[in-house]
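Undergrad: Each residue of the sequence shown is one higher than the one before, counting from 1 in our numbering. The structure under discussion is supplied below as structure tokens; questions concerning it will follow.
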Amino acid sequence: MQLSSWNGIRLLCVALLVCPFAGCSLVQHGAWPAPSLCEPNPSLFRQECPLSLGSSDLAKAEVAYAAAIESMGKGDSSCVDEFFSAAQFAWRDIERLASQREKPNHRAAEIYRSSLISLVSEGQQHKRLNPRDGLRIRTAGGWSTVPIVYHGFLRNPDDFNELVVVGEYQTKLNKIYRQGGLGIPLVAIRKRESSEPFQRKQQAFAATLLLRQVDGGDSSSTTTAVLELYDPIRTSTTEVGARDLPLAKDTSAPIARALATTKRNYVQSFLQPGLVTPDSEGLFMLEPYQPGKIPIVFIHGLLSDRLTWADLVNEIQVRPEFTDHYQLWGFEYPTGEPFLRSATLLRDQLRLIRSYLDPEESDEALQEIVLVGHSMGGLISKMQITESGTHLWDALSNRRFEDVAMDSRTRKQLRAIAFFKPSPLVSRVVFIGTPHRGSALAQRMLGRVGSVLIKESDESKSVHDKLIRDNPGVFSSEFSRRIPTSIDMLEPNSQLLSAVNNLPIRPGVQMHSIIGRGRWMPGNGDSDGVVPVTSAQLPGTVSEAFVFEKHTKLTGNPTVIEEVLAALRIHQQDNLIVSDRSSTD
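Next up, the structure:
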């Protein structure tokens, strides 16, 4: 049998057997719909004078827009110049009416919107629009550049590598946060060829585009316009004719586009964790670092990825009460690996990101990190706030660590996994459907098959085999037969999971549990269909909420989202109290 055929069979087996265990579904990725454009005024094709339809500026906008549509249909780059002229003339009409405290002309607004949409799409297609440098326009006086001005962004102009227009799209998000207004909503995309510390190679964010006439000059001469890009998360209005008008915005669009177009590889990251690329693994920031704001780190679960947090991020980013105090980070990892490795990676990267962002350790907000973990992500979170002592090693081996034969590289890796202190940077954890004591489904056929299908890398298998061979009778049966997979470690009788569950938690860390219920599991009682309630409960939490929801839907459940937001409000208030006390001491 060919390798590709075997891989296909393995993927199918995971889809049929393991996905019900994790509650996942096969996700298709598709195209992002283009927005519709308004039609040219039919009067122009009957050679009727358009002046009767509005102001002279609107009439000129109609003529320019009709010419632009015709040129665009021929693939002629001159359409960019015509769309620019149409947008300029339409702006004049909008600005005139705003100055007179009148409502904008609907037709002028239509032409303005459609012209801006086409400037973005056609301008980039014909290489006339560079989102970092400006728009190149041919006028009667020759070539000129329309500059771009940025308002409210945390990012710099080099981060604007591509602009994508937003049309009418369908999405799995619970809500779409958009408002009508002046300009057009966009998805801006930052692209990098090589990896940068704690940044993904590609990151999308919301923007709103406006074209403004900066004086009353004639559009046929050297341009006097400017393109303006606004951060719609932080800006809602713009001044036109001494009035504040609402900006068009759609802050949900980047998330919805990612859900619609991203080719999600979490099945491969489960089956072949050794093949996960560095850009798809580790800690990353959704926005540039913001000193003084507390990081929230979202950690997904088994057979999942960062997009499982789409609804929660969508809710947080539109609420100033949170964006003023928090910054959003994420952690992605290959879910087929034992979560001990992933927990070690996160622990190391939390330490590294502190030294990278704040080498002088002056930002107190970085000592108040909140972890939000779903399912196995909750176990990874838990291991950031616990101390290992010798508990984990004792669950692996019957011999002292120093007495086990291994090479220096293996010793270093095992030491990092089995011996650790709690991170001093994490002060609160929200557990969502976390199997602290495992899941009985891991013991059943579908869990067993899923575990068998996980393929270790050749290097990992070779290191493990040598370790067992050089130390006969030293390691537990759980570790001796193979490196425990993520599913192996979710078995209720796993010695490693039991050791993790009994690790002492750092004093002062606040914990919250959100637990799914409503699905009866034979022998385990009430559950979310995967994790029994008794496994998800954890002594010492400051709050415990029960939600009637299945495991896979917990992160998008509105009640769960409100519980997470409530925990963030408490965390914010606690830190304000601490700050106030510090300032008076």
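We put the CB at the ideal spot given by N, CA and C, even for glycine.
Taking the alpha-carbon positions, what's the THR534 to ARG437 distance?
TA: To locate residue 534, count along the sequence shown from 1; it is residue 534. To locate residue 437, count along the sequence shown from 1; it is residue 437. Taking the straight line from one Cα to the other gives about 8 Å.
Undergrad: What are the residues that DSSP puts in a beta bridge with GLY282?
TA: Translated into positions along the sequence shown, residue 282 becomes position 282. DSSP, once it has assigned bridges, lists GLU332 as partnering GLY282.
Undergrad: Taking only runs that begin and end inside the region 531–573, name each unbroken alpha helix (DSSP H) of 4 or more residues, in chain order.
TA: DSSP runs (the alpha helix (DSSP H)) wholly in the region 531–573: 533–536.
Undergrad: Once the 5 residues before and after GLY180 are set aside, which same chain residues still bring their CB inside 8 Å of it?
TA: Position 180 of the sequence shown holds residue 180. For GLY180, where only same-chain residues beyond five positions count, the Cβ hits under 8 Å are PRO246, ALA248.
Undergrad: From what residue to what residue does the alpha helix (DSSP H) around SER99 run?
TA: Your numbering for residue 99 matches position 99 in the sequence shown. SER99 -> alpha helix (DSSP H) spans 78–99.
Undergrad: Spatial neighbours of ASP526 within its chain, please: CB distance less than 6 Å, with the 5 preceding and 5 following residues excluded, ordered by chain position.
TA: Taking the sequence shown and counting its residues from 1, one reaches residue 526 at position 526. So the list reads ARG517, VAL533, once near-sequence residues are dropped.
Undergrad: Where do the ends of the beta strand (DSSP E) carrying PRO295 lie?
TA: What you label residue 295 is simply residue 295 of the sequence shown in a count that begins at 1. Segment 294–299, the beta strand (DSSP E) holding PRO295.
Undergrad: Starting from HIS464, follow its DSSP beta bridges and name the residues at the other end.
TA: As a working mapping, residue 464 is identified with position 464 in the sequence shown. Paired residue(s): none; HIS464 is not in a bridge.
Undergrad: So ASP81 and ARG138 are in contact, right, with Cβ under 8 Å, and what is the actual spacing, rounded?
TA: Position 81 of the sequence shown, counting from 1, holds the residue named residue 81. Position 138 of the sequence shown, counting from 1, holds the residue named residue 138. About 5 Å separates the two Cβ atoms, so the contact holds.
Undergrad: Return the first residue and the last residue of the alpha helix (DSSP H) that PHE160 is part of.
TA: Stepping through the sequence shown from its first residue, residue 160 is reached at position 160. It is not in any alpha helix (DSSP H) - PHE160 carries neither H nor E in the DSSP assignment.
Undergrad: If I measure Cβ to Cβ from VAL149 and keep anything under 8 Å in the same chain, skipping five residues before and after, which residues do I get?
TA: What you label residue 149 is simply residue 149 of the sequence shown in a count that begins at 1. Only VAL226, LEU227, GLU228, LEU229 meet the Cβ criterion.
Undergrad: Could you tell me the alpha carbon to alpha carbon distance between LYS175 and ILE233, rounded to whole angstroms?
TA: Mapped onto the sequence shown, residue 175 falls at position 175. Mapped onto the sequence shown, residue 233 falls at position 233. One C-alpha to the other measures close to 16 Å.
Undergrad: Residues in its own chain within less than 8 Å of GLU281 by CB, not counting five upstream and five downstream?
TA: Mapped onto the sequence shown, residue 281 falls at position 281. Cβ neighbours of GLU281 beyond the five flanking positions: GLU332, TYR333, PRO334, LEU345.
Undergrad: Look at MET376 and PHE431 and say whether their C-beta atoms are less than 8 Å apart.
TA: Taking the sequence shown and counting its residues from 1, one reaches residue 376 at position 376. Taking the sequence shown and counting its residues from 1, one reaches residue 431 at position 431. No. Outside cutoff.
Undergrad: What are the boundary residues of the beta strand (DSSP E) that ASP526 is part of?
TA: The residue you call residue 526 lines up with position 526 of the sequence shown. 525–527 is the extent of the beta strand (DSSP E) around ASP526.
Undergrad: On the premise that LEU173 lies in contact with ASN314, defined as a C-beta separation below 8 Å, what is that separation, rounded to the nearest angstrom?
TA: In the sequence shown, counting from the first residue as 1, residue 314 sits at position 314. In the sequence shown, counting from the first residue as 1, residue 173 sits at position 173. Sure, about 6 Å apart at Cβ, within 8 Å.
Undergrad: Whole-angstrom Cβ separation of GLU549 and VAL531, contact assumed at under 8 Å?
TA: The residue you call residue 549 lines up with position 549 of the sequence shown. The residue you call residue 531 lines up with position 531 of the sequence shown. Not quite, the Cβ-Cβ distance comes to about 12 Å (not below 8 Å), so this is no contact.
Undergrad: Tell me whether the region 121–133 and the region 99–111 touch, counting them as touching only if at least three CB pairs, one residue from each stretch, are closer than 8 Å.
TA: No, because fewer than three Cβ pairs between the region 121–133 and the region 99–111 fall closer than 8 Å, the two stretches do not touch.
Undergrad: Sort GLU168, PHE89, GLU562 by Cα distance to ALA260 and report the nearest one.
TA: In the sequence shown, counting from the first residue as 1, residue 260 sits at position 260. That would be GLU168, whose Cα lies nearest to the Cα of ALA260.
Undergrad: At the level of alpha carbons, what is the spacing between ASP403 and SER498?
TA: As a first step, residue 403 is located in the sequence shown; it is residue number 403 there, counting from the start. As a first step, residue 498 is located in the sequence shown; it is residue number 498 there, counting from the start. Each residue's Cα considered, the two are about 24 Å apart.
Undergrad: Tell me, which residues are paired with SER144 by DSSP?
TA: Position 144 of the sequence shown, counted from the start, is the residue given in the question as residue 144. ILE137, per the DSSP bridge assignment.
Undergrad: What is the DSSP secondary structure of SER56, reduced to helix, strand or coil?
TA: Position 56 of the sequence shown, counted from the first residue, corresponds to residue 56. Of the three classes helix, strand and coil, the one that applies to SER56 here is helix, per DSSP.
Undergrad: Quick one: grab the DSSP three-state call for VAL214.
TA: What you label residue 214 is simply residue 214 of the sequence shown in a count that begins at 1. VAL214 falls in the coil class under three-state DSSP.
Undergrad: So who's on the other strand from ASN228, going by DSSP bridges?
TA: Against the sequence shown, residue 228 aligns to sequence position 228. It is Glu, not Asn, that sits at residue 228 in the sequence shown. The partner list for GLU228 (beta bridge, DSSP) reads VAL149, LEU210.
Undergrad: In the DSSP assignment, what are the bridge partners of GLY516?
TA: Locating residue 516 in the sequence shown gives position 516, counting from the first residue. GLY516 is bridged to VAL547.
Undergrad: Expressed to the nearest angstrom, what Euclidean distance is found between the alpha-carbon atoms of SER195 and LYS201?
TA: Translated into the one-based positions of the sequence shown, residue 195 becomes position 195. Translated into the one-based positions of the sequence shown, residue 201 becomes position 201. Taking the straight line from one Cα to the other gives about 6 Å.
Undergrad: Closer than 7 Å by C-beta to ARG341: which residues in its own chain qualify, once you throw out the five before and the five after it? Chain order, please.
TA: Taking the first residue of the sequence shown as 1, we reach residue 341 at position 341. Cβ within range, chain order: ILE417.
Undergrad: Which residue or residues does DSSP assign as beta-bridge partners of GLU110?
TA: Here residue 110 refers to the residue found at position 110 of the sequence shown. GLU110 pairs with nothing; no bridge assigned.
Undergrad: Using 8 Å for Cβ pairs, my map puts SER381 next to LEU371. What's the rounded Cβ distance?
TA: Position 381 of the sequence shown, counted from the first residue, corresponds to residue 381. Position 371 of the sequence shown, counted from the first residue, corresponds to residue 371. Between LEU371 and SER381 the Cβ distance is about 4 Å, and since that is below 8 Å, they are a contact.
Undergrad: Could you spell out the range, first to last residue, of the alpha helix (DSSP H) harbouring HIS391?
TA: For this step, residue 391 is matched to residue 391 along the sequence shown. HIS391 -> alpha helix (DSSP H) spans 391–396.
Undergrad: Can you give me the C-alpha to C-alpha distance between ASN161 and SER439, rounded to a whole angstrom?
TA: Looking up residue 161 in the sequence shown gives position 161. Looking up residue 439 in the sequence shown gives position 439. Each residue's Cα considered, the two are about 45 Å apart.
Undergrad: Residues bridged to GLY373 by DSSP?
TA: Taking the first residue of the sequence shown as position 1, residue 373 is located at position 373. GLY373 pairs with ILE299, PHE431.
Undergrad: Going along the chain, which residues of its own chain have a beta-carbon closer than 7 Å to the beta-carbon of ARG212, five neighbours each way excluded?
TA: Start at 1 with the first residue of the sequence shown, and residue 212 comes out as number 212. Within the same chain, ARG212 has close Cβ partners TRP91, ALA225, VAL226, GLU228.
Undergrad: Can you find the residues in the same chain that come closer than 7 Å, C-beta to C-beta, to GLU562, ignoring five residues on each side of it along the sequence?
TA: By 1-based counting over the sequence shown, the position of residue 562 is 562. So the list is empty, once near-sequence residues are dropped.
Undergrad: Ends of the beta strand (DSSP E) at PRO185?
TA: If you number the sequence shown from 1, residue 185 lands on position 185. That run of the beta strand (DSSP E) goes 184–191.
Undergrad: Report all residues from its chain with a CB closer than 7 Å to the CB of TRP329; omit the five preceding and five following residues, and keep chain order.
TA: Taking the first residue of the sequence shown as position 1, residue 329 is located at position 329. The residues are LEU283, PHE284, MET285, LEU286, PRO295, ILE296, VAL297.
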